[in-house]
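Residue numbers (the numbering used here): 2 to 250.
Built from N, CA and C at the ideal position, the CB exists for glycine as well.
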Amino acid sequence: MRRALIIGNWKMNKTVGEAVEFARALAASLPDPVGRDVAIAPPFTALYALAPVLRATAIALCAQDVHGEDRGAFTGEVSAPMLLDVGCRFGLAGHSERRRLFGESNEDINRKVKALLRAGLTPVLCVGESLEEREADQTCSVVRRQLKEGLNNLPADDIRRTIVAYEPVWAIGTGRTAAPEQAQDVHRFIRQFIGHMAGNDRAGEVRILYGGSVSPENAGALMAQEDIDGVLVGGASLDVDSFRKIILY
Ligand code: 13P
């Protein structure tokens, strides 16, 4: 049984003060137990301050990015052991904004996934096609390549521990969500492909999240799909009330 997971990706939003205020309000508004896994991915600057606020709650911390090496001369970067040290449990790797705006390749992302696993964090490998690729009928080939290269050389048990987030680029921040059935088709494909890489039993345990304009209105229908095990929420996770509604849908 795959437990639902809801992650809020705040991207480059919220000061430390705003982040702490949000976390307190969200934690106070959730029932105990929540019945599903919840995490927030604040900017790096807020991680350290959020850790003690979230410690006694059901909300985990997720990093938005990580460097592929554990230490060294990489000005501006943050390593997986450092993220573990500040209390992260999850780390995103290969978000489409990192791929598109910062030129990350599948090879870079594979190093990040491995670095997260090495440190004992759970990687959330983000995949998804652009509008052009969807219109050219390349969704499956693009996603297959992102999975194959992003999970390259990982032992099958590490693949089982990895979370995949399918975020079609055309649905991110645009208000255009994939229809639940359209998303389900890609999620099923992802699970089948992971089955080829790591065996069907392990693929059956991998959580596959959907991301892209998720809102309180569409979260329930998306998560009702057989292979959609949770959501990765951007804009709608910046507001306590809308994020709480998505968590509890
Ligand atoms: P939006 O929910 O704002 O479309 O962002 C999705 C996303 O990129 C989450 O990682």
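Of the residues the options, the one placed nearest residue i, counting alpha carbons only
| i | options | result |
| --- | --- | --- |
| PHE194 | SER30, SER142 and VAL241 | SER142 |
| PRO157 | TYR211, MET198, GLY88 and ILE229 | Sequence check: residue 157 is Ala here, not Pro. Out of TYR211, MET198, GLY88 and ILE229, MET198 has the C-alpha closest to the C-alpha of ALA157. |
| ARG99 | ARG177, GLY196 and VAL170 | VAL170 |
| ASP228 | VAL215, PHE244 and ILE191 | ILE191 |
| GLY92 | ARG119, GLU133 and ARG72 | ARG119 |
| ALA184 | THR175, ASN201 and ALA166 | ALA166 |
| VAL79 | HIS96, ASP159 and LEU117 | LEU117 |
| ASN219 | GLU133, VAL232 and ILE60 | VAL232 |
| ARG3 | LYS12, PRO217 and ARG37 | ARG37 |
| GLN226 | GLY196, ALA179, LYS15 and THR16 | ALA179 |
| PRO181 | ASP138, GLU134 and ASP230 | ASP230 |
| THR163 | LYS115, GLU133 and GLU134 | LYS115 |
| LEU85 | PRO124, GLY176, ALA59 and GLY236 | PRO124 |
| LEU210 | ARG189, ALA81 and PRO217 | ARG189 |
| ASP242 | ASN154, PRO217 and VAL234 | PRO217 |
| ASP186 | ARG146, VAL215, LEU152 and THR140 | THR140 |
| GLN147 | ALA172, GLY95 and THR175 | GLY95 |
| ARG101 | VAL128, LEU122 and GLY121 | VAL128 |
| ARG245 | VAL35, MET224 and ARG135 | VAL35 |
| ASP159 | GLU133, ALA5, ARG208 and VAL144 | ARG208 |
Near ligand 1: residue i beta-carbon under 7 angstroms from a heavy atom
| i | result |
| --- | --- |
| SER131 | no |
| GLY221 | no |
| SER214 | yes |
| GLU105 | no |
| LEU126 | no |
| ALA237 | yes |
| HIS96 | yes |
| VAL207 | no |
| ILE248 | no |
| ASN10 | yes |
| ILE173 | yes |
| GLU168 | yes |
| VAL35 | no |
Proximity of residue i and residue j at Cβ, strictly below 8 angstroms
| i | j | result |
| --- | --- | --- |
| LYS113 | GLY69 | yes |
| GLU206 | ARG161 | yes |
| VAL39 | ILE7 | yes |
| GLY212 | TYR250 | no |
| ALA26 | ALA42 | no |
| ARG90 | LEU126 | no |
| SER97 | GLU22 | no |
| PRO44 | MET13 | yes |
| GLU150 | GLU105 | no |
| ALA47 | ALA20 | yes |
| ALA59 | VAL17 | no |
| GLY88 | ALA52 | yes |
Minimum Cβ-Cβ distance from residue i to chain B less than 8 angstroms
| i | result |
| --- | --- |
| CYS127 | Among the chains in the structure shown there is no chain B, since it carries only a single protein chain. |
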